[in-house]
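Numbering (full-length UniProt numbering), first residue to last: 1 to 234.
Every residue, glycine too, gets a C-beta built ideally from N, C-alpha and C.
Small disclaimer: the values here were computed from a predicted structure and weren't measured.
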């Protein structure tokens, strides 16, 4: 991602703004998250992703040959097993207009095309960035474009997020779905890149990376809760 803000150049201030965005948009999962950068790293696992690490990894880290930007300054991945058939998980996840009903961070969402989600679909949604001592409250408008999609297997999208005080130029978010022991293993990856991220070190870097990972974990937890609460017997 590329964050821009009218506040001062101090990295600690920018990091706080970035962290606020990550919490608000669950890792910027829907809109976009990556542009080429000059470093790569993965944050230490959160408690949710650490538990998921015991599961077998999803098959592959691409969708129809396309993956996230592994050269970005910050990358993160997470997994969760959902006790429901793959078809039910897939249908819930790709019904993007339904996200507003089970994701707290989404204010509005609209499809920009018709029919089932496809490799050419676009959707636009909004998410709040809460006020903090570092930044005023804001609302991001995120336009997501699907780049690849294999029904029942994977989807990857990217796109900008624009607010009054904060902008995200581009991002990439990958999802893969694999049947596992009667349930579904969902694997997701996301990457962020921006010049200021390349300069972050130590606790500042760890804070931003952990926020990205935490956002992915929250999205997966919400998806699991929604599907398992409405799924019938396997």
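Just to confirm before moving on: does the CB-CB distance between residue i and residue j stay below 7 Å?
| i | j | result |
| --- | --- | --- |
| residue 89 | residue 119 | no |
| residue 94 | residue 117 | yes |
| residue 175 | residue 184 | no |
| residue 123 | residue 140 | no |
| residue 172 | residue 191 | yes |
| residue 235 | residue 84 | Not covered by the structure: residue 235. The range shown for the chain is 1 to 234. |
| residue 217 | residue 102 | no |
| residue 224 | residue 82 | yes |
| residue 182 | residue 76 | no |
| residue 156 | residue 66 | yes |
| residue 127 | residue 108 | no |
| residue 220 | residue 68 | no |
What three-state label does DSSP hand residue i in the structure shown?
| i | result |
| --- | --- |
| residue 183 | strand |
| residue 121 | coil |
| residue 160 | coil |
| residue 113 | coil |
| residue 165 | coil |
| residue 79 | strand |
| residue 107 | coil |
| residue 203 | helix |
What are the boundary residues of the beta strand (DSSP E) that includes residue i?
| i | result |
| --- | --- |
| residue 146 | 138-150 |
| residue 71 | Segment: none, residue 71 is in no beta strand (DSSP E) and carries neither H nor E. |
Please list the terminal residues of the continuous alpha helix (DSSP H) segment that includes residue i.
| i | result |
| --- | --- |
| residue 88 | 86-94 |
Report the partner residues of residue i according to the DSSP bridge assignment.
| i | result |
| --- | --- |
| residue 99 | Answer is none; residue 99 lacks a bridge partner. |
| residue 129 | 138 |
| residue 191 | 75, 172 |
| residue 155 | 149, 175 |
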